[in-house]
Amino acid sequence: MSHGSIEEIRRALRTAPVEASSRHRVLVLRHGGSPRSARDLGVLQALHLLGHTVFDLDTGLHPECIVSGGERGTAPGEEPGPERFSHEPVSAVFQRFAPELVLLTGPGWAPTAATAAYLADAGIPAVSLAPDTEAGHPGLRHLPLGPAFSRADLLRDPLPSPASVVEVLRGGHPDPRGARPCEQIAWVEELTALADGAAWPEGTAARVVDHLASHHLDEHGLEVAFETLRSEGLLRHTGAPRPRTVLFSGYYGAGNRGDELLLDTLLGHLQATLPGFHPVVAGSKPAVVEREHGAQALARANLDAGEAYAARASSLVLGPGGHWHDYSIHLAGGTAGTFRAAHVSPAHMAQLPLLVAAYGGAVHVRGMGVGPLADSAARAAVNLTGRLARTVTVRDQESARLLEPLSPPWPAEVEVSPDVVYGLSLPAPPAAAAPEGRPRRYLAVNLRPWTDRPEQRRRLQQAIIDVAADHGLALVGVPMQSTDEPELRDLAETAASSEADVAVEVVPAGLPLADFLEVLRGAEALVSMRLHANLLMHRLRRPALGLVYDPKVGSHFAELGRGEFALDLDAPSSLLRDTLERLVGEPDLPRASRAAVARLEEQARRELDRLSDALASDPLRIPDPGWVQYLPPPAKKSTKSPKLTPTPAPAVANTAAPAPLNPDSPAAAEPHTAAAKPTSGRAAWRRALRRVYRGVRRRLG
56 MSHGSIEEIR RALRTAPVEA SSRHRVLVLR HGGSPRSARD LGVLQALHLL GHTVFDLDTG
116 LHPECIVSGG ERGTAPGEEP GPERFSHEPV SAVFQRFAPE LVLLTGPGWA PTAATAAYLA
176 DAGIPAVSLA PDTEAGHPGL RHLPLGPAFS RADLLRDPLP SPASVVEVLR GGHPDPRGAR
236 PCEQIAWVEE LTALADGAAW PEGTAARVVD HLASHHLDEH GLEVAFETLR SEGLLRHTGA
296 PRPRTVLFSG YYGAGNRGDE LLLDTLLGHL QATLPGFHPV VAGSKPAVVE REHGAQALAR
356 ANLDAGEAYA ARASSLVLGP GGHWHDYSIH LAGGTAGTFR AAHVSPAHMA QLPLLVAAYG
416 GAVHVRGMGV GPLADSAARA AVNLTGRLAR TVTVRDQESA RLLEPLSPPW PAEVEVSPDV
476 VYGLSLPAPP AAAAPEGRPR RYLAVNLRPW TDRPEQRRRL QQAIIDVAAD HGLALVGVPM
536 QSTDEPELRD LAETAASSEA DVAVEVVPAG LPLADFLEVL RGAEALVSMR LHANLLMHRL
596 RRPALGLVYD PKVGSHFAEL GRGEFALDLD APSSLLRDTL ERLVGEPDLP RASRAAVARL
656 EEQARRELDR LSDALASDPL RIPDPGWVQY LPPPAKKSTK SPKLTPTPAP AVANTAAPAP
716 LNPDSPAAAE PHTAAAKPTS GRAAWRRALR RVYRGVRRRL G
């Protein structure tokens, strides 16, 4: 760069390309809440600008990865040992992401013995960037980064303070670009003499930014460190493609096996077919997503993190899952909740598509379940998202029908495609025998929370128990989510209190998929409310009876020609027993239904290929060197009057307490114990209540 005005230098800095000599898959281990977090974010930004594929592993989400006092903890009376990093709690991350390099930024962090052995066997170098790392630790290379600035530091106003500039100039990393030592820069003493907060002298700011931009950015120091590792043979030059960042938004990480299977299917297929694929999942619980799926994750409600990823995402996949419905739009405050950071769908589901589209990424709606969709606000939020989407597929004809009034002006035609889980590669059955203690003949049962009508629940439970008793069958509860377990335990209590001699076992909700499928495979039949429990049973070519708590369950059975085996929850007990009796007599699905399942499996695999092709055709997003990740605005100083605490007044003729402003507000729930005041005092008291009420409403969104 050449000297000029600070505007000219910043303009050049915003557009200057950043190229690395070789791109790598880099896992950065950091702690988001540490004092070094701002410095670590600069390192992450530089890695992205250099074109590396980066996994940001935040130990604030995974505290179990940091082992204190040695691998087994500290014994009583023993001094705590140094902190160590263990990869074992996040082994799925290492398996899916397959890093070529691990960078540790935490103070003194080094791998545990087990992790050091794992990294050595996998040929993954571990490098500490912290200056206070324990020296001589086996399996850990120490390459501390000197102080530096990120591009955001130099592009954001105000400029860094003179003291911080001097710190960088005096402690900067050696630069092969020929940067002069700090002592040879004549104007360093001029900066040293400036007090923090003083105005930059005219012309000095431009000169300083020009020098820092040429020699003291984070990417300069990282390139030096990477070249050092390559020269030592720890890193090899690779022709890895630039990362193609794809965001996924859905109810992931919440413990629902159906949703997790949808994500598993997408990640597995796209990783095998899409070059440079780098998934980032916006879910309910990012720590769970990273730990179980091994994919980078963020909390979908964190719009600041959402914007950072949207700025470099080529694509967003919204869904699959039943996200477009009426059930929670009132909790979001209507469509306006989209702009107030609502945390419930469908308004919530429109926020990330808006961010991605704003930055130029493509939005794809895949496998969406729709309905009911009668609320005008829900329809408006869905319409907004549909107008942003490049492709839209729904999982059944009923969903497509509900979108017909909205979709004509959308840029994409609404298509029907099979449920994504039809495309999941199912694990082969194990060669070992079934677990000891499992009943030899049983019905598998899945029930979810669905009603506050206990008589309906008991009637349904008793019908299942009666059929099991008539055929000498036990019952095995198969929860798809932890919230199903109480319903299945309630079934067990009903069976125990009935005259029928029916044993009931409930398997854990977190059972591995292979074991879960074995439970289904061994059952005479399945009775299930959950869609994906029924779908998995049918993929095993085994019979199931669907309890239709939602139209999606009935649609699934209809597409297999099995509509007669999908019963409404209010169906008569006699019909439920008769239908289940017929089902128990079927050893397998009939030929026509097996053919329908095979057809849907093939269509689902083709749809996954189509999605891969669509994502590959979306323009690759190269990180913008001039993009500044804006900090949240500072909290405004409160202008509210302090909350009034009225003192009891002497009794007067009118002793009634003032009525609450809103009977549903938290403020109104508090008892009003103060005695009445004269007219002017009561007016002040009511004004104070109104201020409290408005504050509560603002906090609740």
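Numbering-wise (this note's numbering), the sequence shown opens with residue 56 and increments by one. Glycine included, every Cβ here is placed at the ideal spot set by N, Cα and C. The structure presented is a predicted model; accordingly, all values stated were derived computationally and were not measured.
1) Is any heavy atom of the ligand ZN found at a distance shorter than 7 Å from the C-beta of L602?
2) Report the CB separation of G88 from G115 in whole angstroms; it is logged as a contact under 8 Å.
3) CA-CA distance, G161 and A342?
4) Assuming the contact rule is C-beta atoms closer than 8 Å, V574 and V562 should be a hit. Round their C-beta distance to whole Å, please.
5) According to the Cβ coordinates, are L443 and L302 closer than 8 Å?
6) Quick check: the Cα distance between R445 and G640, rounded to an integer number of angstroms?
7) Count the other C-beta atoms from every protein chain shown that fall within 10 angstroms of the C-beta of P452, then say buried if there are 16 or more, exposed otherwise.
8) Just checking, does the stretch 357 to 366 make contact with the stretch 378 to 387 on the three C-beta pairs under 8 Å criterion?
9) Are there 16 or more other CB atoms within 10 angstroms of the CB of F281, so buried, or fewer, so exposed?
10) On a CA-only basis, which of R450, H197, A268, S462 is nearest E287? Give me that one, please.
11) Indicate the three-state DSSP secondary structure (helix, strand or coil) for E470 in the structure shown.
12) My understanding is that L586 touches K607, with C-beta atoms under 8 Å, so please give their C-beta distance in whole angstroms.
13) List the endpoints of the continuous beta strand (DSSP E) containing G424.
14) Do the stretch 402 to 418 and the stretch 301 to 321 touch if we need at least three Cβ pairs shorter than 8 Å?
15) So D113 and H86 are supposed to be a Cβ contact under 8 Å. How far apart are they, rounded?
16) Any chance the stretch 552 to 561 sits against the stretch 522 to 529, with 3 or more Cβ pairs inside 8 Å?
17) Quick check on DSSP: helix, strand or coil for E548?
18) Can you tell which of G392, P256, D539, A651 has the C-alpha that lies nearest to the C-alpha of G565?
19) Jot down the residue ranges of each uninterrupted beta strand (DSSP E) in the stretch 232 to 316, minimum 3 residues, whole runs only, in chain order.
20) Can you give me the Cβ contacts of P193 inside the same chain, cut-off strictly under 7 Å, excluding the 5 residues immediately before and after it?
21) Closest by CA to C120, which one among L102, V109, R139, L590?
22) Alpha carbon to alpha carbon, how far is Q684 from V164? Give it in angstroms, no decimals.
23) List in chain order: all unbroken beta strand (DSSP E) runs of 3+ residues lying wholly within the stretch 598 to 638.
24) Decide if D643 is buried, meaning its Cβ has at least 16 other Cβ atoms within 10 Å, or exposed.
25) Just mark F571 as buried or exposed, buried being the case when its beta carbon has 16 or more other beta carbons within 10 Å.
26) Smallest Cα separation from R456: which of M423, A260, R346?
27) Helix, strand or coil for N357 per DSSP?
28) R80 lies in the beta strand (DSSP E); which residues open and close that run?
29) When you compare only the Cα positions, how much space is there between L174 and L195?
30) In chain order, what residues of the same chain have a beta carbon less than 6 Å from the beta carbon of E662, not counting five sequence neighbours either side?
31) Please classify G392: does DSSP put it in a helix, a strand, or coil?
32) Going by C-alpha distance, which of Q150, P180, P144 is nearest L156?
33) Could you pull the DSSP bridge partners for L159 from this structure?
Walking through what the data contain:
1) Ligands displayed in this structure: none; no statement on the ligand ZN is therefore possible.
2) Between G115 and G88 the Cβ distance is about 5 Å, and since that is below 8 Å, they are a contact.
3) The alpha-carbon atoms of G161 and A342 are separated by roughly 19 Å.
4) Contact between V574 and V562 holds: their C-beta atoms lie close to 6 Å from each other, under 8 Å.
5) For L443 and L302, no; Cβs fall outside 8 Å.
6) Spanning the two alpha carbons is a distance of roughly 47 Å.
7) This sequence places Gln at residue 452; Pro is not what is there. Exposed.
8) No, the stretch 357 to 366 is not in contact with the stretch 378 to 387.
9) That one is buried.
10) Residue H197 is the option with its Cα nearest to E287.
11) Strand.
12) Confirmed, Cβ separation roughly 5 Å.
13) Segment 417 to 425, the beta strand (DSSP E) holding G424.
14) The stretch 402 to 418 makes contact with the stretch 301 to 321: 3 or more CB pairs, one atom from each, lie closer than 8 Å.
15) Right, their Cβ atoms sit about 7 Å apart.
16) The answer is yes - the stretch 522 to 529 touches the stretch 552 to 561, with three or more Cβ pairs under 8 Å.
17) In the structure shown, E548 sits in a helix (DSSP, three-state: H, G or I).
18) Measuring from the Cα of G565, the nearest candidate turns out to be D539.
19) You should have 299 to 304.
20) Cβ neighbours of P193 beyond the five flanking positions: A171.
21) Per the Cα distances, R139.
22) The question names Val, yet the displayed sequence has Trp at residue 164. For W164 and Q684, the distance between alpha carbons rounds to 28 Å.
23) Fully enclosed beta strand (DSSP E) runs of 3 or longer: 599 to 603, 621 to 623.
24) Burial state of D643 is exposed, judged by a 10 Å Cβ sphere holding fewer than 16 other Cβ atoms.
25) Residue burial annotation: F571 is buried, with at least 16 other C-beta atoms found within 10 angstroms of its C-beta.
26) Of M423, A260, R346, the residue nearest in Cα terms is M423.
27) Correct three-state label for N357: coil.
28) Residues 80 to 85.
29) One C-alpha to the other measures close to 10 Å.
30) Closer than 6 Å at Cβ, skipping near neighbours: S472.
31) In the three-state scheme derived from DSSP, where H, G and I count as helix and E and B as strand, G392 is classed as helix.
32) When C-alpha distances from L156 are compared across Q150, P180, P144, the shortest belongs to P180.
33) According to the DSSP secondary-structure assignment, L159 is paired through a beta bridge with L84, S183.
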